[in-house]
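Undergrad:
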Amino acid sequence: MTKVDCESVCRSAMASEDGYVSDLSAEQVEAHLAECSNCRTEVRQLRTLANLLDGQKRRPRTESVWEHVEQHLPEALPTWSGSRVWRAFVVLGLFLFGYRFVEMIPDRHFGILFKLVPILLVIAAFSYLRENPFKINSQLTLEGSETK
Amino acid sequence: MIAREDTLGERSMMDDQAAIERCKAGDKEAFRHIVEHYQREAIGHAIAILGNREDAMDAVQEAFIDCFQALDRVDLTRRFYPWFYVILRNRCYKLASRRNKREMSSSDETEILAPAASVQPEETMLLEHAMLELPAEDCELITLRHLDGLSYQELAERLEVPQGTIMSRLHHARKRLRDKLARLSFNGFSGD
């Protein structure tokens, strides 16, 4: 429940003019504005500003970027299909599985570098696939594949 | 009347889908059509974030190159530009973070706003100057809302934040702009 104060009233008044329904009802906003001259002034100024901005248009642009873009386009599109990405992870998983078996061989000591191999491999795989392993992705889609 | 961004071009979603399919098959000419169709809109959006034409051109160029490399990830059932805008926005803010200060154009002409018959050129210049003095996020939000006419829902999707956040941010951005205009003695905001 939004508290009815000057800030929330002015915010809601402007939002309703933009077609957005906020937490405060129109009656709450009107009742506050009827009593508070500061808010009436604030909303009037912001309305004037909104009308001024609505009356503006973007300056038409004439520039072209194609020549520069064309020079820097790769010869072929990279084919990062989902299956290919998952295949890379499957290969990595199998390798790590095998690594674990080798590691479990008794009386064999391969040294510190051998122990770093899986970490380096995982870092290399995420870098190669340009994935951020720490990104929280609740939609279970590959990074960069979500569209807006 | 708010200008809708959809009216900026006649190109339909179907045209974009066909062009993207051709791009994926290696047709760079098809990508040229996409670039040439959206570049003007993209430059306008980039200037609102970066504050000057030169940086905006760099960001747009880089964004189109990123876009080409990511074309196989585009969802063909959705409109192209909102997807591209996320790439462009990332590029702009990356570039902005490399610049310590937001550099404004030194030109005598406006970069964001078109001269309007109903408004004095000096007033348009003053308004744009005040907009460019705002933080980049404020200027971006105000231009998307008022010049492109995006709804709160569209803004929320475009900027990846909830609609309530859009309401709050837009309110504060307008207040900051109003205060800047008052300081510049802009007609209608100075005396109150």
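So the protein sequences, as listed, match chains A and B. Quick note: the first sequence uses our numbering, first residue 12, plus one each step. Quick note: the second sequence uses our numbering, first residue 1494, plus one each step. We put the beta carbon where it would ideally sit given N, CA and C, even for glycine.
At a CB-CB cut-off below 8 Å, which residues of chain A make contact with A1609(B)?
TA: G66, Q67 and K68
Undergrad: Does DSSP put L64(A) in a helix, a strand or coil?
TA: helix
Undergrad: Hey, how far is the Cα of R69(A) from the Cα of M1624(B)?
TA: 13 Å
Undergrad: State the DSSP-derived secondary structure class of R69(A), mapped to helix, strand or coil.
TA: strand
Undergrad: What residues match up with L1606(B) in a beta bridge as DSSP calls it?
TA: R69(A)
Undergrad: Should K1673(B) be labelled buried (16 or more other beta-carbon atoms within 10 Å of its own) or exposed?
TA: When all chains shown are included, K1673(B) counts as buried.
Undergrad: Within this structure, are the beta carbons of C17(A) and N62(A) separated by less than 9 Å?
TA: Cβ atoms of C17(A) and N62(A): not closer than 9 Å.
Undergrad: Any contact between the region 1543-1558 of chain B and the region 1574-1586 of chain B? By contact I mean 3 or more CB pairs, one from each, below 8 Å.
TA: Contact between the region 1543-1558 of chain B and the region 1574-1586 of chain B is present, because at least three Cβ pairs lie under 8 Å.
Undergrad: Please confirm whether R1572(B) and D1509(B) have their CB atoms less than 9 Å apart.
TA: yes
Undergrad: Can you tell me where the alpha helix (DSSP H) with L44(A) in it begins and where it stops?
TA: A37 to E46
Undergrad: Work out the CA separation of E78(A) and E157(A) for me, nearest whole Å.
TA: Legend: pLDDT at E157(A) = 42, less than 50; position of this residue unreliable, value from coordinates given subsequently. About 29 Å.
Undergrad: Count the CB pairs spanning the region 1532-1549 of chain B and the region 1626-1646 of chain B that are closer than 8 Å, and state whether there are at least three.
TA: yes
Undergrad: Does any residue of chain A have a CB that is nearer than 9 Å to the CB of T1636(B)?
TA: yes
Undergrad: For a minimum of 4 consecutive residues, which ranges assigned as the alpha helix (DSSP H) are wholly contained in the region 1607-1663 of chain B?
TA: Those alpha helix (DSSP H) runs which fall completely within the region 1607-1663 of chain B and span 4+ residues are 1614-1626, 1629-1635 and 1645-1652.
Undergrad: Give me the Cα-Cα distance between Q39(A) and E46(A), rounded to the nearest whole angstrom.
TA: 11 Å
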